[in-house]
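Structure, as structure tokens:
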Amino acid sequence: MARPTKTRSPVSKRLKELRVRAGISQRQLGVLIGLDQSVASPRMNQYERGAHEPHYGLVRRIAAALHAPTAYFYADEPALAEIILAYGGLSPNDRKRAALKLPRAT
Numbered sequence: 001m002a003r004p005t006k007t008r009s010p011v012s013k014r015l016k017e018l019r020v021r022a023g024i025s026q027r028q029l030g031v032l033i034g035l036d037q038s039v040a041s042p043r044m045n046q047y048e049r050g051a052h053e054p055h056y057g058l059v060r061r062i063a064a065a066l067h068a069p070t071a072y073f074y075a076d077e078p079a080l081a082e083i084i085l086a087y088g089g090l091s092p093n094d095r096k097r098a099a100l101k102l103p104r105a106t
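Next up, the structure:
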């Protein structure tokens, strides 16, 4: 019987992409989200490599620190991730207008 392939979560890739865009180090991000300075860099490195996946509450703290919607980290498709990120940067009024322009699911 063939072994099932392990599907890698997009969290590690999205985390590294957004941290690099923000121009901060792994240690800086770790400290921003409340990790002890002595473990901040190694822990963030493990998350970015996919060795460990941060729990949902921690992803929410990472998202807040990087000013991004939590959903961004879980988007499977790169284009969808960028749409989520752009949407998160809109004002509440612009979000309403954008939602009205989207086609309705049938």
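In full-length UniProt numbering, the protein residues as written are 1 to 106.
For every residue, glycine included, the Cβ atom is placed at its ideal position computed from N, Cα and C.
How many Å lie between residue i and residue j at the Cα?
| i | j | result |
| --- | --- | --- |
| Pro-54 | Leu-102 | 32 Å |
| Ala-99 | Ser-91 | 12 Å |
| Val-31 | Tyr-56 | 18 Å |
| His-67 | Arg-61 | 10 Å |
| residue 192 | Lys-16 | Nothing about residue 192 can be read from this structure; the chain reaches only from 1 to 106. |
| Ser-9 | Ala-22 | 21 Å |
Applying the criterion that 16 or more other CB atoms from any shown protein chain within 10 Å of the CB defines a buried residue, is residue i buried or exposed?
| i | result |
| --- | --- |
| Glu-48 | buried |
| Leu-85 | buried |
| Ser-38 | exposed |
| residue 126 | Shown here, the chain extends from 1 to 106; a query on residue 126 therefore has no answer. |
My output table needs one value for residue i: the three-state DSSP class, helix, strand or coil.
| i | result |
| --- | --- |
| Ile-62 | helix |
| Glu-53 | coil |
| Leu-32 | helix |
| Pro-10 | coil |
| Ala-75 | coil |
| Ser-41 | helix |
The alpha helix (DSSP H) spanning residue i covers which residue range?
| i | result |
| --- | --- |
| Tyr-78 | Before going further, note that residue 78 is Pro rather than Tyr in the sequence given. It spans 78–88 - the alpha helix (DSSP H) in which Pro-78 sits, taken as one unbroken run. |
| Pro-69 | Where Pro-69 is concerned, there is no enclosing alpha helix (DSSP H), given that its DSSP letter is neither H nor E. |
| Ala-98 | 92–101 |
| Arg-104 | Looking at the DSSP string, Arg-104 is not in any alpha helix (DSSP H), and its letter there is neither H nor E. |
Please determine if the region 32–46 and the region 85–98 are in contact, where contact requires at least 3 C-beta pairs separated by less than 8 Å. The region 32–46 and the region 85–98 do not touch, with fewer than 3 CB-CB distances between them shorter than 8 Å.
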